[in-house]
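See structure below.
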Amino acid sequence: MTELSAAGVAGDNSEREVFEHALELGVAFTEYVDVDSFKASLGNKNPHTEDGFGGRSEEHLVALLQSGATKNLKSYLRNSQWPAESDARRNQWMNLCGHLVKAGGGLYQELAKDALAQDSEETLSLPPFVDSEHLHSYHLNQHGIHTAKEVITVIANLSPDIIYCPLLYPLVCLFLHYMTPEACFDCVQALLAADRTLYLAQAKKNNEATALVLRDLAKKYTKQAYVLVVRSSKNVDAVFEPWIWWIFKDLPFQYLVRIIDSYLLEGYKVFFRVALSILILFTKDSNRRGSRNSPVTNISAAISRFCSSMPYEPKKLLKAGFSIRGLTRREIHKLQAKHEAYLRSLPATDELPAVASTLSAGQTSLSHSFNGPSYLLKTKTQILTPDMLHALWGWIPIRLTLKKLERLFSSEVDGTTLRTLYTRSQHAQHTILVIKSTDGSIFGAFCSEPWFTRHEKNQPHMSFFGTGETFVFTMYPSMKKFPWAGATVQTRGHTSDHFMAGDDTMLIIGSGNGEAIYLDNMMSSCRSTHCDTFVNEPLCEAQDFSCQVVEVFGFVD
């Protein structure tokens with residue numbers, strides 16, 4: 001057993017402490033880690049648990065968090081020398097996440113019991129917001145990988161609004177190296193719930209926009225590197241598109257955990273700083289190998305290889321990124337908003353032209369996930385694009401994602417009378433109503449009970465029915481879900497549970513000071529306004545509208 005001395009925290013005159021070898025003791029990592037795999041990743045380097053890490057660091061970190069001394073805390077984390085095998089990292093990460101939001105004790109076990117009740121190790125599958133090309137589990141063993149899938153499933157069940165979040169799976173796997181599934185879940189929930197700092201982009205356009213943000217930052221802060229990219233590629237945007245995977249896929253594990261130390265305090269901007277540092281050091285390395293600023297053959301692959309065999313120590317990589325002056329969170333937010341708006345303005349079939357997005361929702365193979373998404377592309381629809389179908393699949397109750405989507409009614413085929421709509425779809429247990437108005441707006445509702453129920457409820461007058469799973473949504477010009485307000489706010493009176501109602505003269509979804517969706521018997525004099533049930537904005541740009549196409553979908557085994 002090796003003994004290693006460790007210096008105290010900078011400025012701490014306490015005695016140097018001696019730590020035993022955590023890998024030998026089996027306490028540096030959890031039971032979910034393949035320690036031999038980790039050792040192999042070190043090559044000829046010997047693992048060392050507490051190099052440059054003081055024994056009182058956890059107390060010091062907590063004191064800094066409680067004091068609100070953000071500047072000191074940033075410096076403390078940025079300059080840390082804690083190796084990946086440090087036993088203290090699990091407490092460090094939990095403390096940093098716990099400072100954001102503390103999830104209730106026992107919540108994970110409660111949720112897991114429901115979410116995983118019908119799944120076995122063989123049948124457990126991943127939700128569609130996961131990127132099938134980037135299932136990076138690092139040094140987790142098979143038990144760890146299965147546990148990561150369980151945590152992701154529970155998160156998906158609790159947060160159906162997540163459309164596309166490719167970093168969630170790698171982050172869950174990273175956390176499981178150092179903590180229990182319960183603590184991992186709490187940490188992820190803290191990152192998802194944080195409102196003052198961006199930690200996770202949760203929609204496709206949000207993620208795509210980050211590549212354009214990095215491109216602009218590189219042009220401003222790493223001009224020499226940007227010039228090299230321009231000289232080396234005819235498609236500059238394509239070089240920046242996979243930038244986040246330079247960090248989460250290509251960099252060695254020992255570098256990644258050091259980056260996460262600062263990310264958990266400072267948020268997504270840390271990734272931009274690290275990416276800029278990679279570009280700076282890559283350019284420096286390229287200039288040393290060849291003539292100054294000469295083009296690099298296949299620069300995308302070259303950057304990836306450079307990261308994988310990073311010739312600089314983690315300290316050097318981080319220092320280069322954190323030394324960039326003038327880069328602020330405000331600037332990043334402005335660029336992000338600008339590029340998201342640009343991407344939203346593009347036609348649905350022409351997003352990020354000439355850039356092959358890592359996961360184009362609805363276009364990639366989702367065989368790693370449940371059966372539903374693999375069938376989505378075969379769904380007959382004249383309204384919904386693959387992106388829209390993918391978004392819907394992330395919003396519906398997770399138990400239904402095991403089924404296929406089938407079109408039951410189309411006004412283009414079946415005519416525009418409500419009576420026919422009811423006849424075609426009324427026996428389906430759950431339905432999705434989708435409307436395209438004559439002004440081009442696309443919106444609709446997930447209906448939680450069969451429309452046949454109206455016959456039972458309309459005695460003697462038309463009455464509302466349905467459950468709190470009902471929600472309304474918009475798809476174009478923007479994607480947004482409006483769930484039942486009663487699940488998150490205090491009851492707003494008797495209209496708070498007015499989910500669904502209908503007869504041969506009208507169909508209503510959501511009520512109270514307006515209707516989220518109102519269709520007349522011929523689908524020609526319709527409207528959408530705010531309503532108390534969903535506290536929604538009008539779903540259609542013109543509140544009074546006429547339907548161009550109406551479709552109803554059901555779920556089949």
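No gaps in the numbering here: position 157 of the sequence shown is 157 in the UniProt record's numbering, and each next residue is one more. For every residue, glycine included, the Cβ atom is placed at its ideal position computed from N, Cα and C. Only a predicted model underlies this, so the values are computations on that prediction, with no experimental measurement involved.
Backbone CA spacing between residue i and residue j [nearest angstrom]
| i | j | result |
| --- | --- | --- |
| glycine 510 | isoleucine 435 | 15 angstroms |
| glutamine 109 | valine 33 | 21 angstroms |
| lysine 149 | cysteine 447 | 29 angstroms |
| aspartate 414 | leucine 228 | 58 angstroms |
| leucine 327 | tyrosine 226 | 16 angstroms |
| arginine 231 | alanine 238 | 14 angstroms |
| isoleucine 517 | phenylalanine 129 | 28 angstroms |
| arginine 344 | threonine 30 | 43 angstroms |
| tyrosine 422 | arginine 527 | 19 angstroms |
| glutamine 202 | asparagine 458 | 41 angstroms |
| alanine 84 | phenylalanine 38 | 9 angstroms |
| tyrosine 255 | leucine 77 | 14 angstroms |
| serine 125 | isoleucine 260 | 27 angstroms |
| glutamine 189 | threonine 416 | 44 angstroms |
| cysteine 547 | arginine 424 | 18 angstroms |
| isoleucine 303 | phenylalanine 409 | 51 angstroms |
| leucine 217 | threonine 210 | 10 angstroms |
| residue 559 | leucine 140 | Because the chain here runs from 1 to 557, residue 559 falls outside it and cannot be looked at. |
| asparagine 298 | glutamine 224 | 18 angstroms |
| leucine 519 | glutamate 541 | 16 angstroms |
| leucine 111 | cysteine 187 | 15 angstroms |
| leucine 366 | proline 127 | Unreliable positioning characterises leucine 366 in this predicted model, as indicated by a pLDDT of 31, which lies under 50. The coordinate reading is nonetheless provided below. Taking the straight line from one Cα to the other gives about 9 angstroms. |
| aspartate 557 | isoleucine 324 | 55 angstroms |
| valine 154 | isoleucine 244 | 25 angstroms |
| lysine 315 | leucine 107 | 38 angstroms |
Chain C within 9 angstroms of residue i, Cβ atoms only
| i | result |
| --- | --- |
| valine 550 | In the displayed structure, chain C is absent; only one protein chain is listed. |
Sequence-distant residues of the same chain with beta carbon closer than 6 angstroms to residue i, five excluded per side
| i | result |
| --- | --- |
| serine 277 | Leu317, Ala320, Gly321 |
| leucine 352 | Caution applies to leucine 352, whose pLDDT of 34 falls short of 50 and renders its modelled position unreliable; the value that the coordinates give is listed next. Only Glu208 meet the Cβ criterion. |
| phenylalanine 545 | Ser437, Cys526 |
| leucine 474 | Reading off the sequence, residue 474 comes out as threonine, not leucine. Cβ neighbours of threonine 474 beyond the five flanking positions: Phe443, Lys480, Leu539. |
| aspartate 250 | Ser304, Cys307, Ser308 |
| tyrosine 476 | Ile442 |
| arginine 56 | In this predicted model, arginine 56 has a pLDDT of only 49, less than 50, meaning its place in the structure is not dependable; the value taken from the coordinates is given anyway. Nothing meets the Cβ criterion. |
| isoleucine 508 | Ala501, Glu515, Tyr518 |
| alanine 391 | Ile163, Met479 |
| residue 564 | Nothing in the structure corresponds to residue 564, since the chain is present only between 1 and 557. |
Bridge-paired residues (DSSP) for residue i
| i | result |
| --- | --- |
| leucine 167 | Note: leucine 167 sits in no beta bridge, so no partner. |
| glutamate 406 | Gly554 |
| threonine 431 | Cys447, Gly554 |
| alanine 501 | Ile508 |
| aspartate 520 | Met506 |
| leucine 318 | Leucine 318 is not bridged to any residue. |
| tyrosine 476 | Ile442 |
| arginine 90 | Looking at the DSSP assignment, arginine 90 forms no beta bridge with any residue, so it has no partner. |
| lysine 436 | Ile442, Val549 |
Whole-angstrom C-beta distance between residue j and residue i, which should lie under 8 angstroms
| i | j | result |
| --- | --- | --- |
| proline 170 | phenylalanine 248 | 5 angstroms |
| tryptophan 82 | arginine 90 | With 8 angstroms as the limit, tryptophan 82 and arginine 90 do not qualify as a contact, their Cβ atoms being about 11 angstroms apart. |
| leucine 168 | leucine 200 | 7 angstroms |
| histidine 427 | phenylalanine 555 | At roughly 12 angstroms, the Cβ-Cβ gap does not stay under 8 angstroms, so histidine 427 and phenylalanine 555 are not in contact. |
| residue 563 | phenylalanine 553 | Only positions 1 to 557 of the chain appear in the structure, and residue 563 is not among them; the question remains open. |
| proline 160 | tryptophan 395 | 5 angstroms |
| isoleucine 162 | alanine 156 | 7 angstroms |
| threonine 470 | tryptophan 484 | 6 angstroms |
| aspartate 439 | lysine 204 | Rounded, the Cβ-Cβ distance is 24 angstroms, inconsistent with contact. |
| tryptophan 393 | leucine 376 | 6 angstroms |
| valine 472 | asparagine 536 | 6 angstroms |
| glutamine 389 | threonine 401 | Per the sequence shown, the amino acid found at residue 389 is leucine instead of glutamine. That pair is no contact at about 12 angstroms. |
| leucine 191 | cysteine 97 | 7 angstroms |
Cutoff 7 angstroms; reference residue i; Cβ partners in own chain excluding five residues on either side
| i | result |
| --- | --- |
| isoleucine 383 | Val434, Lys436, Ile442, Val549, Glu551 |
| threonine 529 | Gly514, Glu515, Pro538, Gln543 |
| isoleucine 332 | Val213, Lys269, Phe272 |
| glycine 486 | Gly468, Ser496, Asp497 |
| alanine 183 | Met94 |
| leucine 25 | No answer about leucine 25 holds up, because its pLDDT of 36 lies below 50 and its placement is not dependable. |
| lysine 219 | Tyr226 |
Closer than 8 angstroms: residue i CB and nearest the ligand SAH heavy atom
| i | result |
| --- | --- |
| leucine 408 | Only the bare structure without any ligand can be found here, which leaves the ligand SAH out of the picture. |
Close Cβ partners of residue i (< 8 angstroms) along its chain, the five nearest in sequence each way excluded
| i | result |
| --- | --- |
| serine 233 | Val239, Ile299, Ser300 |
| isoleucine 398 | Ala115, Pro127, Thr153, Ala156, Asn157, Pro160 |
Meets three-Cβ-pair contact criterion under 8 angstroms: the region 279-287 and the region 334-345: No: the two stretches stay apart, fewer than three of their Cβ pairs being nearer than 8 angstroms.
Meets three-Cβ-pair contact criterion under 8 angstroms: the region 130-149 and the region 168-187: Touching, yes, given that three or more Cβ pairs across the two stretches are closer than 8 angstroms.
Segment contact flag, the region 495-506 with the region 454-470, C-beta cutoff 8 angstroms, min 3 pairs: They touch, by the three-pair rule.
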